[in-house]
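**Student:** Below is one structure. I have some questions about it.
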Amino acid sequence: MDVPVARLVSTLPAGRFEDTTRAVLAFLRQRFGFDLWMLTRTEGDDWIVLHCEDHGYGMRPGTVLRWSDSFCMRMVAGQGPHIAPCAAQVPAYASAPIGQQVPIQAYVGLPLWLADGALFGTLCAIDPHEQPAALQQEQPLLELLAQLLSAVLQLELHATEATRRAERLHIESLTDGLTGLYNRRAWQQLMQAEEERCRCYGVPAVVITLDLDDLKRINDTQGHAAGDRLIQRTAETLRQAVRTGDVVARLGGDEFGILCATCDRDTGESLQVRCQTALAAEGIRASIGHAVRHPSHDLIAAWESADQRMYAMKRQR
611 MDVPVARLVS TLPAGRFEDT TRAVLAFLRQ RFGFDLWMLT RTEGDDWIVL HCEDHGYGMR
671 PGTVLRWSDS FCMRMVAGQG PHIAPCAAQV PAYASAPIGQ QVPIQAYVGL PLWLADGALF
731 GTLCAIDPHE QPAALQQEQP LLELLAQLLS AVLQLELHAT EATRRAERLH IESLTDGLTG
791 LYNRRAWQQL MQAEEERCRC YGVPAVVITL DLDDLKRIND TQGHAAGDRL IQRTAETLRQ
851 AVRTGDVVAR LGGDEFGILC ATCDRDTGES LQVRCQTALA AEGIRASIGH AVRHPSHDLI
911 AAWESADQRM YAMKRQR
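So this is what it looks like as structure tokens:
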């Protein structure tokens with residue numbers, strides 16, 4: 611290991627993927643140049659920029675590109691090399707749509723793998739100018755840094771699951787007295803903690819909100835005790851319908867929220883349908899909406915979007 615690399619490794623933050631990534635990107639920029647170095651995540655056809663060292667392309671964290679347009683997709687598929695000092699000489703890269711959108715004459719790309727063999731994303735770089743052919747000799751170093759980032763990521767993701775469980779145990783006292791669900795204060799704290807993980811790792815999340823359609827009528831005609839029983843039945847039905855680890859909260863009155871961590875669009879839609887079906891089977895009428903967190907926004911925006919869809923359903927009824 612050469613001296614600059616040894617110095618980098620000795621100064622890397624312990625167990626902090628975000629800080630480690632920033633240090634590696636800064637080192638790579640200093641050592642090899644390139645106008646843009648990125649750490650990305652893939653999620654379906656979304657190619658999400660988590661961290662970047664940008665000096666000319668105007669890229670920023672949270673930007674979402676198309677994975678199918680990228681050089682990286684072709685690199686992972688084995689259609690092009692990890693290092694292309696002249697990208698125009700590689701047919702797979704020369705024909706990639708992203709090359710028509712921004713000037714790319716040189717490319718570096720390494721995959722980041724999870725322990726189960728799934729692709730997390732890539733460590734990559736682009737530059738508008740061709741680079742020396744000698745750059746290809748640096749592939750072992752680049753592979754080493756990609757492996758380092760993968761290892762730190764895997765350790766932190768594992769620790770994140772334990773942290774998430776500990777958070778929920780810590781705020782168990784913040785529960786709604788009628789239903790035993792998390793209350794609004796707990797919901798807001800858990801949303802904030804999950805947003806931090808979404809931003810750091812690019813993991814998707816879904817927010818589902820629902821509002822009972824008949825609570826006021828039941829309170830008015832059958833009394834508040836009957837209304838309370840409806841709320842309790844709803845809480846228990848939702849508990850049974852969601853996945854283990856999903857957060858179910860009573861946000862106030864007849865409004866409920868579900869926070870689904872590490873949940874993509876398809877799974878979120880399935881969960882909404884499952885909740886609707888379970889409620890209908892219990893004779894509970896509710897308006898419901900869901901939204902996926904977009905990488906360029908936060909979970910609060912997803913919550914607001916889910917609310918808008920829920921109220922749109924209520925108006926239709």
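Per the numbering used here, the sequence shown starts with residue 611, numbered consecutively. Each residue gets a CB set at the ideal place from its N, CA and C atoms; glycine is no exception. Model, not experiment: these values are computed from the prediction.
#1: How long is the line joining the alpha carbons of residue 640 and residue 662, rounded to whole angstroms?
#2: Nearest to residue 608 by alpha carbon, out of 668, 631, 700 and 815?
#3: How many Å lie between residue 887 and residue 820 at the Cα?
#4: Are the CB atoms of residue 714 and residue 702 nearer to each other than 8 Å?
#5: DSSP three-state call for residue 838: helix, strand or coil?
#6: Grab me the residues of residue 636's own chain with a C-beta within less than 8 Å of its C-beta, minus the 5 sequence neighbours each way, in chain order.
#7: Where does residue 662 fall in DSSP's three states?
#8: What do you get for residue 684, buried or exposed, if any count of 16 or more other CB atoms within 10 angstroms of its CB means buried?
#9: Look up residue 860 in the DSSP assignment and give the residues it is bridged to.
#10: May I ask you to list the residues that DSSP assigns as paired with residue 628?
#11: Taking residue 875 as the reference, which of 890, 891, 912 and 846 has the closest Cα?
#12: Is it buried or exposed for residue 769, if we count other Cβ within 10 angstroms and need 16 for buried?
#13: At the level of alpha carbons, what is the spacing between residue 741 and residue 716?
#14: Can you tell me where the alpha helix (DSSP H) holding residue 725 begins and where it ends?
#15: With DSSP collapsed to three states, give me the class of residue 885.
#16: Which two residues bound the contiguous beta strand (DSSP E) that contains residue 909?
#17: Is the beta carbon of residue 736 sitting closer than 8 Å to the one on residue 642?
#18: The beta strand (DSSP E) spanning residue 897 covers which residue range?
#19: Only counting the same chain, and skipping five residues up and downstream in sequence, which positions put a Cβ closer than 7 Å to that of residue 805?
#20: Where does residue 786 land, buried or exposed, given buried means 16+ other C-beta within 10 angstroms?
#21: Taking residue 822 as the reference, which of 679, 927 and 799 has the closest Cα?
#22: Could I get the ranges of all uninterrupted alpha helix (DSSP H) runs contained in the stretch 666–690, with 4 residues as the minimum, in chain order?
#23: Taking the C-alpha atoms as reference points, what is the distance between residue 712 and residue 734?
#24: Straight-line CA distance for residue 898 to residue 872?
#25: Is residue 853 helix, strand or coil when you go by DSSP?
#26: Considering only the alpha carbon of each residue, which of 675, 780, 688 and 732 lies closest to residue 631?
#27: So what does DSSP say about residue 781, is it helix, strand or coil?
#28: If I measure Cβ to Cβ from residue 752 and keep anything under 6 Å in the same chain, skipping five residues before and after, which residues do I get?
#29: Are residue 851 and residue 884 closer than 8 Å when you measure CB to CB?
#30: When we look at the beta-carbon of residue 651 and count the other beta-carbons within 10 Å, is it buried (16 or more) or exposed?
#31: Do the CB positions of residue 759 and residue 634 come within less than 8 Å of each other?
#32: Pick out whichever of 648, 798 and 864 has its Cα sitting closest to the Cα of residue 827.
#33: Could you say which of 628, 790 and 915 lies nearest to residue 762 if we only look at CA atoms?
**Tutor:** On the basis of the coordinates in this document:
#1: 14 Å
#2: The question about residue 608 has no answer, for the chain in this structure spans 611 to 927.
#3: 13 Å
#4: no
#5: helix
#6: 663
#7: strand
#8: buried
#9: 866
#10: According to DSSP, which records beta bridges pairwise, residue 628 is partnered with nothing at all.
#11: 912
#12: exposed
#13: 6 Å
#14: Note, residue 725: premise wrong, no alpha helix (DSSP H); not H, not E.
#15: helix
#16: No beta strand (DSSP E) contains residue 909, which is instead part of the alpha helix (DSSP H) from 909–926.
#17: no
#18: 896–902
#19: 908 and 909
#20: buried
#21: 927
#22: 681–686
#23: 15 Å
#24: 20 Å
#25: coil
#26: 732
#27: coil
#28: 720
#29: yes
#30: buried
#31: yes
#32: 864
#33: 628
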